[in-house]
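Presented below is the structure to which this report refers.
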């Protein structure tokens, strides 16, 4: 049925035998009306399939029913699953999203903030590019709640939703212990908040079994090259190891190539665990190769969206659970 | 600066020495005002950093500045990059998005359509799960433009934005010819709109060089298993080939395993091309392995968003360009 045939509030009032203002009060939840009258008007509205004009309603309430979403870099990054999780949740709760991408550009960021303020949003989600460094807080530019996701900020009270990096490390340690590994090495990126957390979790997880990492090698980035270089350094060091927890999946991929080239078998000689679950982003792929920790980015987006709509929006860091995803590199 | 300190239209009117209604006419583009007055009021608005209340403006214009987005299945599918492309474009053009996910459920779909109608959206984007079969058209449920993306519909006049499958096949053929291959086999899924188009493009591309596919093997789905089974059938058939164009990346992955197990070298003996560019979805991965055709899903979302906002929104199928992405399986 096209919109032009829409039942109006006047139609509802006429059929219910009340004034337009009474019908409006009944359907907008005003207290100044008897419950019996409200019930009768609601019944008529349902029967006529009356669809309230949400735009007029939100204007009357002084709320836009719109949440701004500001990404650091939308295309080709981690932002997509977070955005899907957030936008789905907001849609289910009758909120639209107004989406701006700063594309890592400070001027575009400033312009986006101006435009978001002009739209009278009810809240703002800022989606970062990973919990690796501190983003500048924009909370002070808005009088509505601001929630950050997949980033850290320089505002200590900011509500920031990030994957629990310590849990990621702990899950890896527990899994490796469960499959009987005792000599776990760690290869990772240097000078990075997430890397520090993952190592902390690994250390805690192994400590529970009275163990410690047998070696830790870090290089400046999260690349396959870092994995290859640190794995080579590990092999040359002569330290014995039967498992490697890698800071992310790329590092694991680089490490695996070096191990195989050295004649070692994965997982028979060395079990491998990464972080990120890139394989999981590929639809319909049959075999899972790498055991990894999934940061559940879509769920992270949902949690942040829930926070920004919540009346008891609280500040501070809010680490969110990760899960272990088992592949051929630990259980062959 | 928090919203509470906002400059209002009254402030602008006062400083410019005009009435509130004159200031409103000037800034809302009404014709009933002199150009000199308009210029003066605009200058004051700029100087005071006046941010118009977009919600009030859109209410006054009877437009919600909101585009509905309805996905078939948002999480873990192709929808994310399309959504990012569409939402970025809409945000840049001052439109919010109201996002609903039908999760392949007919009842949820109906409920979402009802809710979208209640929100008085200015247009609707329907994001499908691939141009493999016909989705039921919902165009008749809306009086605003409806644009479909990454799907086909049973409404022949519907505006549907899909990757150009014929172009995908043609690009694969051209690349394989350029690297000197002459005996191209094709492994793909059966009974599928996209598969038919890709084969058509391959056939056209080879025909331009006076050639034809040396063999075509199809099985019921797009999986790695289909790739392995059809590659095995191809090897057993005894047909000579120096390249395989695979219907998608999963099929290519399955085929490659069978080729390597049979002692063939990739690309020296057999060059391989897929479709989808899954490797490209993985951030920061160093080496590119599979040569593939990228359907540019984010750009597809942008094109569809542009269409739904456009005054000359036209109907019919709108195939969008793909690009070749070269990897180790053709240029080793």
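Chains as they are written, first to last, in our numbering: chain A, 1 to 332; chain B, 333 to 664.
Note that the Cβ used here is the ideal one computed from N, Cα and C, for glycine as well.
Task: Same chain, Cβ closer than 6 Å to residue 84 (chain A), neighbours up to 5 away in sequence not counted - done: Apart from sequence neighbours up to five positions away, the residues of its chain that approach residue 84 (chain A) with a beta-carbon distance below 6 Å are 298, ordered along the chain.
Open item on the list: I want to verify the contact list: residues of chain A whose CB lies under 7 Å from the CB of residue 430 (chain B), in sequence order.
Closed with: Residues of chain A with a Cβ closer than 7 Å to the Cβ of residue 430 (chain B) are, in chain order, 91, 96.
- [ ] Check the Cβ-Cβ distances between residue 2 (chain A) and every residue of chain B, and say whether any is below 8 Å.
- [x] Since pLDDT at residue 2 (chain A) reaches only 39, below the 50 mark, its modelled position is unreliable, and the value read off the structure follows with that caveat. When Cβ-Cβ separations below 8 Å define contact, residue 2 (chain A) makes contact with chain B.
Open item on the list: If I follow the unbroken beta strand (DSSP E) through residue 15 (chain A), where does it start and stop?
Closed with: Here residue 15 (chain A) belongs to no beta strand (DSSP E); instead the alpha helix (DSSP H) covers 9 to 16.
Open item on the list: Between the stretch 149 to 161 of chain A and the stretch 108 to 128 of chain A, can you find at least three pairs of beta-carbon atoms closer than 8 Å?
Closed with: Contact holds: three or more Cβ-Cβ distances are below 8 Å.
Open item on the list: From the DSSP secondary-structure annotation, give me the bridge partner or partners of residue 458 (chain B).
Closed with: Its beta-bridge partners are B:402, B:480.
- [ ] With DSSP collapsed to three states, give me the class of residue 519 (chain B).
- [x] Per DSSP, reduced to three states, the secondary structure at residue 519 (chain B) is strand.
Task: Where residue 81 (chain A) meets chain B, residues with beta-carbon distance less than 7 Å - done: The contact set of residue 81 (chain A) on chain B, defined by CB atoms closer than 7 Å, consists of 412 in chain order.
- [ ] Determine the contact status of residue 247 (chain A) and residue 189 (chain A), defining contact as a CB-CB distance below 8 Å.
- [x] When the beta-carbon positions are compared, residue 247 (chain A) and residue 189 (chain A) come within less than 8 Å of each other.
- [ ] Indicate whether at least one CB of chain B lies closer than 8 Å to the CB of residue 149 (chain A).
- [x] By this cut-off, residue 149 (chain A) is not an interface position.
Task: Distance, residue 453 (chain B) Cα to residue 3 (chain A) Cα - done: Any reading at residue 3 (chain A) needs caution, since the residue's pLDDT is 44, under 50, leaving its predicted position unreliable; the model's value is listed next. Their backbone Cα atoms lie some 10 Å apart in a straight line.
Task: Endpoints, alpha helix (DSSP H) assigned at residue 227 (chain A) - done: First-last of the alpha helix (DSSP H) with residue 227 (chain A): 224 to 237.
Task: residue 596 (chain B) versus residue 572 (chain B) - alpha carbon distance - done: So the alpha carbons of these two residues sit roughly 13 Å apart.
- [ ] Provide the residue span of the beta strand (DSSP E) that contains residue 273 (chain A), from first to last.
- [x] That run of the beta strand (DSSP E) goes 271 to 275.
Open item on the list: What would DSSP say about residue 100 (chain A), mapped onto helix, strand or coil?
Closed with: Here residue 100 (chain A) sits in strand by DSSP.
TODO: Pick out whichever of B:413, B:381, B:431 has its Cα sitting closest to the Cα of residue 114 (chain A).
DONE: The option with the nearest alpha carbon to residue 114 (chain A) is B:381.
- [ ] Quickly, what does DSSP pair residue 550 (chain B) with across the bridge? List them, please.
- [x] Per DSSP, the beta-bridge partners of residue 550 (chain B) are B:520.
Task: Delimiting residues of the alpha helix (DSSP H) encompassing residue 286 (chain B) - done: This structure does not reach residue 286 (chain B), given that chain B is present from 333 up to 664, and the question cannot be answered.
Open item on the list: Along the chain, where does the alpha helix (DSSP H) containing residue 581 (chain B) start, and where does it finish?
Closed with: Run containing residue 581 (chain B): 581 to 593, per the alpha helix (DSSP H) assignment.
Open item on the list: Less than 8 Å between the C-beta atoms of residue 603 (chain B) and residue 636 (chain B), yes or no?
Closed with: Judged by beta-carbon spacing, residue 636 (chain B) lies beyond the 8 Å limit of residue 603 (chain B), meaning their Cβ atoms are not closer than that value.
- [ ] Please decide whether residue 658 (chain B) counts as near chain A, where near means a Cβ-Cβ distance under 8 Å.
- [x] With a threshold of 8 Å between beta carbons, residue 658 (chain B) makes no contact with chain A.
TODO: Starting from residue 625 (chain B), follow the alpha helix (DSSP H) in both directions and report where the run begins and ends.
DONE: Not the alpha helix (DSSP H): residue 625 (chain B) falls in the beta strand (DSSP E), residues 623 to 626.
Task: Strand pairing of residue 652 (chain B), partner residues [DSSP] - done: Under DSSP, residue 652 (chain B) forms a beta bridge with B:495.
Task: Spatial neighbours of residue 476 (chain B) in its chain, beta-carbon cut-off 7 Å, leaving aside the 5 residues before and after - done: So the qualifying residues of the chain are 453, 454, 455, 456.
Task: Residues near residue 315 (chain A) in its chain [Cβ-Cβ closer than 7 Å; skip 5 each side] - done: Correct list, in chain order: 157, 158, 159.
Task: residue 1 (chain A) to residue 118 (chain A) span [Cα, whole Å] - done: Its pLDDT being 37, under 50, residue 1 (chain A) is placed unreliably by the model, and the measurement read from it follows with that caveat. Looking at the two C-alpha atoms, the distance is approximately 34 Å.
- [ ] Give the residues from the stretch 633 to 650 of chain B that approach chain A closer than 9 Å (Cβ to any Cβ), ordered along the chain.
- [x] Listed by position, the residues of the stretch 633 to 650 of chain B near chain A (Cβ gap below 9 Å) amount to none.
Open item on the list: Between the alpha carbons of residue 40 (chain A) and residue 6 (chain A), how many angstroms are there, rounded?
Closed with: Whole-angstrom Cα-Cα distance: 20 Å.
Task: Cβ contact check for the stretch 343 to 358 of chain B and the stretch 191 to 199 of chain A: 3 or more pairs under 8 Å - done: The stretch 343 to 358 of chain B vs the stretch 191 to 199 of chain A: no contact.
Open item on the list: Let me make sure I understand the geometry here. Which of A:213, A:12, A:46 has the alpha-carbon closest to that of residue 234 (chain A)?
Closed with: When only C-alpha atoms are compared, the closest one is A:213.
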